[in-house]
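Numbering (full-length UniProt numbering), first residue to last: 1 to 314. Right, one structure below, let's go through it.
What follows is the structure, given as structure tokens:
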């Protein structure tokens with residue numbers, strides 16, 4: 001579904017904008033719309049949402065795209081609704097029914113199944129996914145009617161909570177609906193989680209609703225509708241400096257260190273902790289991202305990503 005938006009009046013500031021993605025459009029549709037609004041093709045997102053899903057889509061604008069690699073592994077939170085008793089080809093409501101056994105389940109039965117899917121588990125991704133199989137996307141093979149067998153992958157389910165009482169519904173057969181809240185590692189498929197819950201209960205299941213409420217530290221409270229951005233006259237981007245301060249450990253550099261980083265030189269610092277750091281200049285503007293590692297009696301700061309200076313073509 002193409003999102004009809006006019007071209008913006010002036011380039012948006014580099015940074016991030018949290019979009020509340022509507023149902024019926026792809027994540028790429030949202031990126032295309034933001035490109036028009038932001039007057040730049042340098043736009044990307046930090047994690048795909050299915051067309052029927054809604055909620056948090058973190059979109060990077062301009063130099064913000066250089067930070068996407070540091071955000072794609074962020075944990076995520078979802079609200080979802082699962083229907084037990086019917087299985088589909090896509091593991092959600094958009095697919096064709098493959099099995100309709102019906103189900104009359106209690107909260108205790110569903111909780112027992114959910115308890116086995118918490119923590120570190122191996123999950124077989126949904127076949128309707130963007131995972132590549134012999135050079136083609138898995139979902140493309142499914143559309144062609146081909147069988148797809150994906151290997152199980154390690155994921156972490158930090159939270160899988162029932163947020164409603166089971167509701168008995170009459171569809172093709174008697175089924176049970178229930179709402180859940182999931183907090184999980186990047187790479188987890190909520191459709192696959194619904195499928196596995198159904199398999200654990202021996203009745204099959206599929207997802208009927210999915211809304212992402214958080215990606216790392218980006219939440220629905222920060223999200224805007226694209227239509228609101230049109231009314232307000234521009235995209236409310238979160239600055240790179242604010243993102244750095246909120247989501248990463250930060251280190252303020254001297255003017256000479258800033259110059260060294262912009263030339264790609266590694267730095268030696270007296271103290272720190274191993275991992276990824278955001279480097280700021282004396283005015284708290286983001287200079288770039290670096291990894292810090294122990295070396296002898298000190299620490300070595302290796303620049304990995306350098307943010308172009310304003311007015312440059314980087």
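No residue lacks a Cβ here, since even glycine has one placed at the ideal position from N, Cα and C.
Proximity winner among 64, 141 and 210, relative to residue 285 (alpha-carbon distances):
64
For the region 236–248 against the region 19–31, are there 3 or more C-beta pairs whose distance is under 8 Å?
no
Close-in-space but distant-in-sequence residues of the same chain around residue 169 (CB under 8 Å, 5 per side omitted):
83, 175, 176 and 177
Nearest-angstrom Cα separation, counted from residue 305 out to residue 143
39 Å
Ends of the alpha helix (DSSP H) at residue 31?
27–38
Let me know the secondary structure DSSP gives residue 227 once reduced to three states.
helix
Run through DSSP, which three-state label would residue 161 get?
strand
Check whether residue 180 and residue 80 have beta carbons under 7 Å apart
yes
Specify whether the region 242–255 and the region 89–107 touch according to this definition: at least 3 beta carbon pairs, one from each stretch, less than 8 Å apart.
no
One question on the structure: do residue 244 and residue 278 come within less than 7 Å of each other, judged by their Cβ atoms?
yes
Taking the beta strand (DSSP E) that residue 171 belongs to, which residues open and close that run?
No beta strand (DSSP E) contains residue 171, which DSSP labels as neither H nor E.
Taking all protein chains shown into account, do 16 or more other C-beta atoms lie within 10 angstroms of the C-beta of residue 309, making it buried, or fewer, making it exposed?
exposed
Tell me the start and end of each unbroken alpha helix (DSSP H) in the UniProt domain "Pseudouridine synthase II N-terminal" (35–190) that is at least 4 residues and wholly inside, in chain order.
107–115 and 138–143
In its own chain, which residues sit with a C-beta less than 6 Å from the C-beta of residue 100, not counting the 5 before and 5 after it?
86, 172 and 173
Given a cut-off of 7 Å, decide if residue 213 and residue 220 are closer than it, judged by their beta-carbon atoms.
yes
Which term fits residue 282, buried or exposed, when burial requires 16 or more other beta carbons within 10 angstroms of its beta carbon?
exposed
If you pair each beta-carbon of the region 150–165 with each one of the region 182–190, do three or more pairs fall below 8 Å?
yes
Identify whether residue 239 lies in helix, strand or coil by the three-state DSSP scheme.
strand
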